[in-house]
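In my numbering, the protein residues as written are 458 to 808.
All residues carry an ideal CB built from backbone N, CA and C; glycine is no exception.
As structure tokens, the structure follows; a few thoughts come after it.
So this is what it looks like as structure tokens:
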């Protein structure tokens with residue numbers, strides 16, 4: 458029987474066994490007869506670092522987003538509160554000046570020095586509906602010569618600026634009150650303050666007999682100028698003030714007047730900044746805009762708004778102030794702050 462040597466086959470098997478258990482120089486593992494590639498230690502470390510950075514970035518972003526939103530909400534609340542206070546302080550100063558001037562005038566007439574007794578000579582030329590008067594003191598001193606008096610009826614008591622001031626003063630128990638806003642003849646939208654004036658002689662005796670009012674008139678355009686130049690509601694926001702008893706505009710930081718300024722404008726008809734359409738949407742969605750909550754979010758014409766409503770009161774005046782904020786202005790600030798915070802955090806992590 459012939460025996461064939463198996464030394465070569467043993468050697469070959471030994472080599473295969475060696476190949477199965479061996480690793481290449483770059484760390485790759487060899488399977489049976491084939492090379493199976495796996496990620497190197499260097500690649501594994503890099504991938505792990507990237508995943509760690511991403512995980513940290515996401516965590517930081519979420520944390521910053523939540524905290525930043527809370528901070529921005531608080532900041533927005535504070536900013537709008539300061540704006541409302543700034544507007545109220547200015548309007549207070551305007552109305553206080555009118556009130557103090559009117560009361561000073563009325564007091565000056567009521568408790569002032571009484572004039573000397575006078576005598577008046579009156580005559581009426583033929584065809585003239587009035588009269589011409591000459592006024593003298595009792596000692597013969599001429600005071601006024603040829604003063605023309607027109608007898609055309611003019612019932613002051615029926616004029617708004619008079620009876621509103623008197624009736625409102627009686628209602629609130631004061632010596633004077635403000636009238637409703639109105640268009641002055643050959644002028645613009647204005648408001649007046651009327652202080653009661655009493656008969657001098659009877660007042661000196663302690664009796665108040667109403668003789669008229671001391672009236673101060675001021676255009677409301679001054680308030681609009683202040684709102685436009687001094688009140689900035691972020692980037693695109695604006696302010697509108699209207700009467701609480703109706704929908705007529707008082708003033709605003711945008712154009713709230715008619716073309717000829719001879720008639721009053723409804724808050725629903727303001728064309729600037731989509732304001733009229735916005736107010737109509739609020740009125741139809743939420744209800745009476747005079748009863749709007751302090752803060753309301755609403756979308757109009759594809760734009761998101763935050764609308765703040767505050768009631769302004771002074772003496773017998775009651776107005777609605779609306780501060781309109783474009784939500785995008787707030788979000789833009791939030792996104793910039795978050796981006797900067799996350800960028801700094803990622804940079805620190807990489808370093």
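To the nearest angstrom, how far is the alpha carbon of residue i from that of residue j?
| i | j | result |
| --- | --- | --- |
| residue 546 | residue 537 | 14 Å |
| residue 639 | residue 574 | 39 Å |
| residue 735 | residue 615 | 38 Å |
| residue 781 | residue 655 | 46 Å |
| residue 746 | residue 562 | 39 Å |
| residue 617 | residue 784 | 42 Å |
| residue 750 | residue 556 | 31 Å |
| residue 706 | residue 725 | 9 Å |
| residue 704 | residue 509 | 59 Å |
| residue 718 | residue 667 | 35 Å |
| residue 503 | residue 729 | 57 Å |
| residue 727 | residue 646 | 16 Å |
| residue 696 | residue 512 | 44 Å |
| residue 560 | residue 624 | 16 Å |
| residue 776 | residue 677 | 13 Å |
| residue 622 | residue 760 | 43 Å |
| residue 694 | residue 500 | 53 Å |
| residue 765 | residue 587 | 57 Å |
| residue 701 | residue 637 | 11 Å |
| residue 653 | residue 531 | 47 Å |
| residue 648 | residue 595 | 42 Å |
| residue 627 | residue 635 | 12 Å |
| residue 748 | residue 565 | 42 Å |
| residue 505 | residue 497 | 12 Å |
Looking at C-alpha atoms only, which residue of the options is the closest neighbour of residue i?
| i | options | result |
| --- | --- | --- |
| residue 753 | 505, 534, 593 and 506 | 534 |
| residue 786 | 672, 725, 721 and 692 | 692 |
| residue 688 | 779, 553, 498 and 646 | 779 |
| residue 742 | 511, 756, 508 and 550 | 756 |
| residue 589 | 596, 620, 595 and 601 | 601 |
| residue 768 | 542, 643 and 762 | 542 |
| residue 664 | 506, 553 and 568 | 568 |
| residue 709 | 733, 702 and 719 | 733 |
| residue 642 | 674, 581, 652 and 670 | 674 |
| residue 699 | 719, 596, 650 and 723 | 723 |
| residue 585 | 593, 609, 626 and 648 | 609 |
| residue 758 | 627, 739 and 731 | 731 |
| residue 553 | 650, 636 and 624 | 650 |
| residue 578 | 597, 505, 744 and 739 | 597 |
| residue 671 | 544, 620, 551 and 506 | 620 |
| residue 576 | 744, 566 and 599 | 599 |
| residue 739 | 763, 702 and 720 | 763 |
| residue 644 | 593, 564, 720 and 669 | 720 |
Mapping DSSP to helix, strand and coil, what is residue i?
| i | result |
| --- | --- |
| residue 653 | strand |
| residue 591 | strand |
| residue 788 | helix |
| residue 647 | strand |
| residue 716 | coil |
| residue 603 | strand |
| residue 763 | strand |
| residue 757 | strand |
| residue 681 | helix |
| residue 752 | strand |
| residue 771 | strand |
| residue 659 | helix |
| residue 704 | coil |
| residue 721 | coil |
| residue 745 | coil |
| residue 690 | coil |
| residue 675 | strand |
| residue 616 | coil |
| residue 579 | strand |
Return the chain-ordered list of same chain residues with a C-beta closer than 6 Å to the C-beta of residue i, the five sequence neighbours on each side being excluded.
| i | result |
| --- | --- |
| residue 788 | none |
| residue 685 | 710 |
| residue 591 | 578 and 602 |
| residue 481 | Any reading at residue 481 must be qualified, since the residue scores a pLDDT of 47, below 50, and its modelled position is unreliable; the value itself is stated next. Same-chain partners within the cutoff: there are none. |
| residue 593 | 576 and 599 |
Short of 8 Å in beta carbon distance, which residues of its chain neighbour residue i, apart from the five on each side in sequence? Order them along the chain.
| i | result |
| --- | --- |
| residue 582 | 589 |
Considering only residues of the same chain and omitting the five flanking positions on each side of residue i, which have a CB-CB separation below 7 Å?
| i | result |
| --- | --- |
| residue 737 | 725 |
| residue 558 | 673 |
Quick check: the segment 769 to 778 against the segment 620 to 633, are at least 3 beta-carbon pairs closer than 8 Å?
Three or more Cβ pairs drawn from the segment 620 to 633 and the segment 769 to 778 lie within less than 8 Å of each other, which places the two stretches in contact.
Examine the Cβ distances between the segment 671 to 691 and the segment 705 to 720 and report whether three or more of them are shorter than 8 Å.
The segment 671 to 691, when compared against the segment 705 to 720, does touch it at the 8 Å Cβ threshold.
_Given 8 Å, three or more beta-carbon pairs between the segment 587 to 607 and the segment 653 to 673_ = The segment 587 to 607 is not in contact with the segment 653 to 673.
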